[in-house]
Amino acid sequence: MRFANLHGRGTIVLSAADGTDRAVDIERATNGTLSHDPAVYVDLDHHPYLREVASSVLTTDWPVLDPALLGAPVPRPPKGLGVGLNYRTHALESGRDLPTEPHLFAKTDNCVCGPFDDVIAPAGRDQIDFEAEVVIAFGRTCRRAEEGDAWSYLAGVMCGQDISDRGEQFRPPIKQFTIAKSYDTFGPTGPFLVTGDDLADRDAIDLTGVVSGETMQQANTNDLIFSIPALVVWLSRFMTFGPGDLVWTGTPGGVGEARTPPRYLVDGDVIETTVSGVGTMRNVVRVR
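The sequence shown finishes on residue 288 if you use the numbering used here, and the numbering steps up by one all the way, no holes.
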């Protein structure tokens, strides 16, 4: 299934025979049994009922989806984490050894924005970088998961960007990963939340990052050092996850900082992030 936050309302997205995407409002389609809150579709307990609804509605009775109304599928995650150096290509371009365990940082809820929202780069910060990622959303309580069951805890996946201020991230005397990656709008996600069973191969997801028409990053999640199931297992050893918790699973090689010369984001840049089976985000950089 595909879910969307359509102007603050939880929505099932269905493909119509005419090739359009139709927006099935969850509250209206369930006659008020479920609320309009996007949190409804992040909770796996509701998925069996939502599947029944999706299979019973007449698709053409519902309006064509307007992408301009799309917000972040999980607008205010209870917690958000990022994983650093989780693609071999990115670890190598950073000049570091491959990690032996996941390297974590927080992405606070204020950084989350929608798939077509502007990314606001503070004036005077001239080392703002892009990081295309696959983002996972938990859908039920997860503690000490087994790898074979890992996907059963996930409500789905999204496109994501882990926008980063490299100047702040590596400023002496200590590295400030969380602050540098948690400015307002530094965590675009979307355009949809897609369940794992709707993906062609949930363990081999294509990921592409384009900046102002130039392909900068291209990878597949089978190149992750710690796979999505492995991350779920490792993380849930230390903390309990619940519906709406997000994890940015890592970025592949090709980030701006590692290029010669470095390619940092500037005012007017257009960041396009594509995840196979999910869709494409398009975020414009605004300096102010």
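We put the beta carbon where it would ideally sit given N, CA and C, even for glycine.
Distance check between residue 60 and each of 19, 121, 124, 192 places 19 closest, using alpha-carbon atoms only. A direct Cα-to-Cα measurement between residue 239 and residue 114 gives close to 27 Å.
Rounded to whole angstroms, the gap between the alpha carbons of residue 129 and residue 228 is 24 Å. Residue 225 counts as buried, since at least 16 other C-beta atoms from the protein chains shown sit within 10 angstroms of its C-beta. Counting only residues of its own chain and dropping the five nearest sequence neighbours on each side, residue 168 has a CB closer than 7 Å to the CB of 176, 179, 180. Per DSSP, the unbroken alpha helix (DSSP H) holding residue 28 starts and ends at 26 to 29. For residue 207, DSSP records a beta bridge to 219, 275.
Looking at the DSSP output, residue 260 sits in no beta bridge, so it has no partner there. Residue 182: not part of any beta strand (DSSP E); DSSP gives it neither H nor E. In the structure shown, residue 282 falls within a strand segment according to DSSP collapsed to helix, strand and coil. Looking at the DSSP output, residue 142 shares a beta bridge with 241. Straight-line measurement puts the Cα of residue 149 at about 9 Å from the Cα of residue 233. With distances taken between CA atoms, residue 288 lies nearest to 120 out of 90, 120, 112. Within its own chain, the residues whose Cβ lies closer than 8 Å to the Cβ of residue 108, once the five positions on either side in sequence are excluded, are 80, 178, 182, listed in chain order. Per DSSP, the continuous beta strand (DSSP E) segment holding residue 121 begins and ends at 119 to 121. Between residue 221 and residue 134, the gap from beta carbon to beta carbon is short of 9 Å. Counting only unbroken stretches of 3 or more residues, the beta strand (DSSP E) elements lying wholly within the region 59 to 128 are 80 to 84, 103 to 106, 119 to 121, in sequence order.
For residue 69, the CB contacts under 6 Å within the same chain, skipping 5 residues up- and downstream, are 6, 7 in chain order.
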